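J.: In terms of the numbering used here, the sequence shown opens at residue 991 and continues consecutively. The structure that follows is given in the form of structure tokens.
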Amino acid sequence: MTYDNFWQTITNSTPDEWLYDDENSTYVFKNDLSISIVGSEIDYSESGKFYEEWAIRHPDATARRKEFSLCYNGVVIERFYTAAVDGLRMYIPYPNLDTMSISSEQYAIGKIVNIPNEGYGYESYLHRCGITY
């Protein structure tokens, strides 16, 4: 497995190809069990709060930092950063603030990490945040 293969495997996958364990905030890729995504605890410290307009323009203005580790055989290969918005209902990848956009890779990973929130509508939250992809 190369770094590029690892990255492509994750970003080309779909949410239904992942097993989600809510108790441990862990996602495991069904087609290669050595690939996983592990969510950190929500950052409730002062430094974990978001005040940027895109993150707080929801019915519940609470937004906190949420980090995910992209892992291979339990080793962290890459970190993925999101804001848990609208009272922690949806994880939104950090956008480029100049263009208010996220990359196609960020979009794909965002769909995966929002498996437990799928009833809320990932795309509608991106739209509400003013983020394009």
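The beta carbon of each residue, even a glycine, is placed where N, CA and C say it ideally should be. Just so you know, these numbers come straight off a predicted model, no measurement behind them.
1. What are the uninterrupted segments assigned as beta strand (DSSP E) that are 3 or more residues long and contained completely in the region 1060-1122, given in chain order?
2. Assuming Asp1011 is part of the beta strand (DSSP E), what are its boundary residues?
3. With respect to 6 Å, is the separation between the Cβ of Ile1000 and the closest non-hydrogen atom of the ligand FAD below this value?
4. Count the other C-beta atoms from every protein chain shown that fall within 10 angstroms of the C-beta of Ala1051, then say buried if there are 16 or more, exposed otherwise.
5. From this set, Ala1053, Tyr1081 and Glu1042, which residue's C-alpha is nearest Gly1029's C-alpha?
6. Check each candidate in Tyr1071, Asn1002 and Val1075 and name the one with the smallest Cα separation from Arg1124.
7. Pull up the distance between the alpha-carbon of Pro1005 and that of Ile1105, whole angstroms please.
T.: For this structure:
1. As summarised for the region 1060-1122, the continuous beta strand (DSSP E) elements at least 3 residues long and confined to that stretch are 1065-1075 and 1080-1083, given in chain order.
2. Translated into positions along the sequence shown, residue 1011 becomes position 21. Counting along the chain, the beta strand (DSSP E) containing Asp1011 begins and ends at Trp1008 to Asp1011.
3. The ligand content of the structure shown is nil, which means the ligand FAD is not present either.
4. As a position in the sequence shown, residue 1051 is number 61, starting the count at 1. Around the beta-carbon of Ala1051, fewer than 16 other beta-carbon atoms lie within 10 Å, marking it exposed.
5. Walking along the sequence shown from the start, residue 1029 turns up at place 39. Of the listed residues, the one whose Cα sits closest to Gly1029 is Tyr1081.
6. Residue 1124 falls outside the range modelled here, since the chain spans only 991 to 1123, and no answer is possible.
7. Against the sequence shown, residue 1005 aligns to sequence position 15. Against the sequence shown, residue 1105 aligns to sequence position 115. Cα to Cα, the separation comes out at about 7 Å.
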